[in-house]
Structure formats: structure tokens, C-alpha cells
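Structure, as C-alpha cells:
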Amino acid sequence: MTAGAASRAQRAQRRRPLPPAVRGLARRLAPFVHHPATTLATGIGMLVTGAAEILSDLLTGFDAALATHHGLVLLGSVMALRGLVDLVTAIERVGEGLEEIDNETDAVADAAPFTPLHPVSSQAAPHAKTENAR
Numbered sequence: 013m014t015a016g017a018a019s020r021a022q023r024a025q026r027r028r029p030l031p032p033a034v035r036g037l038a039r040r041l042a043p044f045v046h047h048p049a050t051t052l053a054t055g056i057g058m059l060v061t062g063a064a065e066i067l068s069d070l071l072t073g074f075d076a077a078l079a080t081h082h083g084l085v086l087l088g089s090v091m092a093l094r095g096l097v098d099l100v101t102a103i104e105r106v107g108e109g110l111e112e113i114d115n116e117t118d119a120v121a122d123a124a125p126f127t128p129l130h131p132v133s134s135q136a137a138p139h140a141k142t143e144n145a146r
């Protein structure tokens, strides 16, 4: 096995692809979490729950069915899903970039074998002192 083939095998072993279930989930969620209607609905939900909380503080007889924590749960859910989709996308892009770098490195290694700039000879350099010269 050549040095290039050994390093390719080591790189392939280090790289761990995402499980297909995670990639599939992220692909199904991406259109939902990045859709403008989702952002609008989240914003409206936060406004309504915030207004209900303010009214319940101002008016003693007003008992709202919605509270701030409902809006926070809505916002947190959407943000967590959006973060999951972005994270999976970023991991896939990094993996693609690593594969591209590996392919370029392998192409360079396969195209020109390593040759030293100064060939090493089996004889000692003329200026080096040896045991016999003393």
C-alpha cells in the first residue's frame, strides 16, 4: 500500500457522515423553518403573548389564556429547529470541503512523486571528518 493510499484510508476512517435519519429530518424541516410565514407567525405569537401578559398585569380582572412562557416556547422551538437545520447543512458543507481538499491532495500526490531537492548520496560529504581521517 502506498503512502497516499494509507493516508486516504486514514482520512476516510476519521470522517463520520451524519446518519441518514438526521439528514432526512433536516431536509424536511428546512422549508418550514426558513419560510417567511414561520417567522411571521412566530413574531405574531410573541406579540400576542407579550400583549396578554401586559394586559394581565395592568387589568386585575383580565385573565389571559396565553402567557409569556407560551411565546417563549414557540420562539424557542422555531429557533431550535432552525439551528438544527443550519447545523446539519454546515456539517455537510464541511464534509464536502474536506473531500474536495482530499481529492486535490491525492491528485497532487499521485501526479508527482516526492523527489528531494538535494539527492542524498551514500558517500559522506568531502568536508565531513571521519574516524579514519584523524
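Quick note: the sequence shown uses this note's numbering, first residue 13, plus one each step.
Backbone N, C-alpha and C fix where the C-beta goes; we use that ideal spot for every residue, glycine too.
Only counting the same chain, and skipping five residues up and downstream in sequence, which positions put a Cβ closer than 8 Å to that of residue i?
{"i": "Arg94", "result": "Val45, His46"}
{"i": "Ala5", "result": "The first residue shown for the chain is 13 and the last is 146, placing residue 5 beyond what the model contains."}
{"i": "Ala42", "result": "Val97, Thr101"}
Tell me which residues share the same chain as residue i and place their Cβ nearer than 7 Å to its Cβ, disregarding the 5 neighbours each side in the sequence.
{"i": "Ser103", "result": "According to the sequence displayed, residue 103 carries Ile and not Ser. Leu30, listed in sequence order."}
Give a yes or no on whether the C-beta atoms belonging to residue i and residue j are separated by under 8 Å.
{"i": "Ala38", "j": "Leu96", "result": "yes"}
{"i": "Gly147", "j": "Thr61", "result": "The requested residue 147 does not occur in the structure, where the chain is confined to residues 13 to 146."}
Can you have a look at residue i and say buried or exposed, based on whether 16 or more other CB atoms are within 10 angstroms of its CB?
{"i": "His33", "result": "Note that residue 33 is Ala in the sequence shown, not His. Result: exposed."}
Quick one: grab the DSSP three-state call for residue i.
{"i": "Thr61", "result": "helix"}
{"i": "His46", "result": "coil"}
{"i": "Gly73", "result": "coil"}
{"i": "Ala121", "result": "helix"}
{"i": "Leu87", "result": "helix"}
{"i": "Leu67", "result": "helix"}
{"i": "Pro29", "result": "coil"}
{"i": "Leu99", "result": "helix"}
Under the assumption that residue i contacts residue j (Cβ atoms under 8 Å), give the Cβ distance between them as a whole number of angstroms.
{"i": "Ser106", "j": "Thr54", "result": "For the sequence presented, residue 106 should be read as Val rather than Ser. Incorrect: roughly 28 Å between the Cβ atoms, too far for contact."}
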